[in-house]
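Just below is one structure, and these are the notes that go with it.
Residue numbers (the working numbering): 3 to 442.
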């Protein structure tokens, strides 16, 4: 097992700075991840923005819409398991490029469907295509940033998710009003195909043979020891033997469940439960996700600051996840119960701010807790469990709202997120050792 760094080692690694060439590669990689991440979440959120129009056009109940909203998450979650291992083995460039093409074609196909069954199939394929995005991003960050400086870049690429959701009602609602809901799917699908070409053309993994000793020292800071074994099925399977893995899985299930209650149902909730008109609901639905954009950026920066002076990067990043998730729980309760729409939107904005802070910290936790050859694998396993929660959230929320109201649906999400926070706190206590260390 890797030991916490001494204060002298922390001081040495914190003084290393990237060369101009490394910094250019870092900036390019993050810019590409943000662009692809925004498109990724625009595509996911299109269905939520067009919810009311699709239900009216296709004659769907709230429960059926919940099934449609969740179809993406089931395939996305299941694909996390093989995709994380493939990213570690093959690399992020081609897997994310292929994923962009697949999910963009599926998104465009969503605008062509005329039946509930075909729509579900299109959303399932969308989930398969989008699966490489965040495991690939975690691998890119671990490739281009040293161990104790990964929070900020992780926050930056995670900020793409709330930014995409925030832009969705602002950009797609006017497009739907001017044309039809079908065109929202066509336009976002075309954007993804363009992004696929740009990603494959511009992104490259670091090549250590072409680096100076100082550049290698910068990237390897905090990762002393012999080179890790290559990623294989045995190293992937071994991750499940550690309670850290299970703590991250249960914890992310709770956090993502509550986040996806809002992600999939917020526009519909504001229209059906809060009785807002379409224009006001679109603006009100964007505000929380703009706050989420800020939450991801601030959390990444803050956890790097804390981690530089912490005895253990794992405990520092885990504690940040716990605090953010408990905050989501605390503010969901008044969001569900208050009469004032303004107060409810303010509370929801804080929840989404904290949800994206929690997500950014959880992904940076994966880069600290995983063996060096399994960073994308552990991140994807955590994400797999999270999106089981993301798949369950819209279904359960839809049926609870249909049977009673959105109030018990929101409170159910808060209870599930609380269990997730406790799982992180009590199960994620140390990094997972590399195989040669475990055998020693």
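Even for Gly, the Cβ is constructed at its ideal location relative to N, Cα and C.
Rounded C-alpha distance that separates residue 432 from residue 370: Stepping through the chain shown from its first residue, residue 432 is reached at position 430. Stepping through the chain shown from its first residue, residue 370 is reached at position 368. Inter-residue distance for residue 432 and residue 370 is about 10 Å (C-alpha atoms, whole angstroms).
Reference residue 244, options 404, 372, 103, closest by Cα: Locating residue 244 in the chain shown gives position 242, where the first residue counts as 1. If we check each option's Cα against that of residue 244, 372 comes out closest.
Distance, Cα to Cα, residue 276 vs residue 174? Taking the chain shown and counting its residues from 1, one reaches residue 276 at position 274. Taking the chain shown and counting its residues from 1, one reaches residue 174 at position 172. If I take the Cα positions, the gap works out to 21 Å.
Taking residue 184 as part of the alpha helix (DSSP H), name the residues at either end of that continuous run. Position 182 of the chain shown, counting from 1, holds the residue named residue 184. Taken as a continuous stretch (DSSP letters only), the alpha helix (DSSP H) holding residue 184 covers 183-204.
For the 8 Å Cβ check, are there 3 or more pairs between the segment 66-74 and the segment 123-136? Result yes; three or more Cβ-Cβ pairs closer than 8 Å.
Ignore the nearest five residues each way along the sequence and tell me which others in residue 337's own chain have a CB closer than 6 Å to its CB. As a position in the chain shown, residue 337 is number 335, starting the count at 1. Once the five neighbours on either side are set aside, the close Cβ partners of residue 337 are 346, 349, 350.
Residues in its own chain within less than 6 Å of residue 326 by CB, not counting five upstream and five downstream? Taking the chain shown and counting its residues from 1, the one referred to as residue 326 is at position 324. Once the five neighbours on either side are set aside, the close Cβ partners of residue 326 are 356, 359, 360.
Three or more C-beta pairs closer than 8 Å, one from the segment 142-161 and one from the segment 291-302: is that the case here? Yes, the segment 142-161 is in contact with the segment 291-302.
Residue 278 (DSSP reduced to helix, strand or coil): By 1-based counting over the chain shown, the position of residue 278 is 276. In the structure shown, residue 278 sits in coil (DSSP, three-state: anything other than H, G, I, E or B).
Quick check on residue 340: buried or exposed, where buried means 16 or more other Cβ atoms within 10 Å of its Cβ? To locate residue 340, count along the chain shown from 1; it is residue 338. With fewer than 16 other Cβ atoms within 10 Å, it is exposed.
Looking at C-alpha atoms only, which residue of 368, 62, 286, 149 is the closest neighbour of residue 220? As a working note, residue 220 is residue 218 in the chain shown. Ranking 368, 62, 286, 149 by CA distance to the CA of residue 220 puts 149 first.
Using the Cβ count rule (16 or more neighbours within 10 Å means buried), how would you classify residue 376? As a first step, residue 376 is located in the chain shown; it is residue number 374 there, counting from the start. Residue 376 should be labelled buried.
Environment of residue 53 [buried if 16+ CB atoms lie within 10 Å]: Residue mapping note: residue 53 aligns to position 51 of the chain shown, counting from 1. Buried, since its Cβ has 16 or more Cβ neighbours within 10 Å.
Taking the alpha helix (DSSP H) that residue 157 falls in, what are its first and last residues? Counting from 1 along the chain shown, the entry for residue 157 is found at position 155. 153-160 is the span of the alpha helix (DSSP H), which, as asked, contains residue 157.
Quick check on the DSSP output: what are the complete alpha helix (DSSP H) runs of length 4 or more inside the segment 358-436, in order along the chain? Fully enclosed alpha helix (DSSP H) runs of 4 or longer: 377-405, 408-429.
Taking buried to mean at least 16 other C-beta atoms within 10 Å of its own C-beta, is residue 120 buried or exposed? As a first step, residue 120 is located in the chain shown; it is residue number 118 there, counting from the start. Residue environment analysis places residue 120 among the exposed positions, since fewer than 16 neighbouring C-beta atoms fall within 10 angstroms of its C-beta.
Can you check which of these residues, 342, 368, 364, 335, is closest to residue 414 by C-alpha distance? Position 412 of the chain shown, counted from the first residue, corresponds to residue 414. Closest by alpha carbon: 335.
As a quick exercise: from 139, 122, 391, 403, pick the residue whose alpha carbon is nearest that of residue 250. Position 248 of the chain shown, counted from the start, is the residue given in the question as residue 250. Among 139, 122, 391, 403, the Cα nearest to that of residue 250 belongs to 391.
Would you call the CB atoms of residue 401 and residue 61 closer than 7 Å? Here residue 401 refers to the residue found at position 399 of the chain shown. Here residue 61 refers to the residue found at position 59 of the chain shown. Residue 401 is not a Cβ neighbour of residue 61, given a cutoff of 7 Å.
Could you check the C-alpha separation between residue 218 and residue 279 for me, to the nearest Å? As a first step, residue 218 must be located in the chain shown, where it is residue number 216. As a first step, residue 279 must be located in the chain shown, where it is residue number 277. Rounded to whole angstroms, residue 218 and residue 279 show a C-alpha spacing of 56 Å.
Distance, residue 124 Cα to residue 185 Cα: The residue you call residue 185 lines up with position 183 of the chain shown. The residue you call residue 124 lines up with position 122 of the chain shown. Roughly 15 Å between the two C-alpha positions.
Keeping to the same chain, check which residues put their C-beta closer than 6 Å to that of residue 139; ignore five residues upstream and five downstream. On the chain shown, position 137 is the one that residue 139 refers to. Scanning its chain for C-beta atoms nearer than 6 Å, with the 5 sequence neighbours on each side dropped, one finds around residue 139 the residues 35, 159, in chain order.
Are the CB atoms of residue 364 and residue 82 nearer to each other than 7 Å? Sequence index remark: in the chain shown, residue 364 carries index 362 (1-based). Sequence index remark: in the chain shown, residue 82 carries index 80 (1-based). For the pair residue 364 and residue 82, the CB atoms are not nearer than the 7 Å cut-off.
Going by beta carbon distance, what residues of the same chain come within less than 6 Å of residue 24, once the five residues before and after it are set aside? Residue mapping note: residue 24 aligns to position 22 of the chain shown, counting from 1. Contacts found: 217.
Can you tell me where the alpha helix (DSSP H) with residue 60 in it begins and where it stops? Numbered from its first residue, the chain shown carries residue 60 at position 58. For residue 60, the enclosing alpha helix (DSSP H) has its first and last residue at 53-60.
Helix, strand or coil: which one does DSSP assign to residue 311? Sequence index remark: in the chain shown, residue 311 carries index 309 (1-based). Coil at residue 311, not helix or strand.
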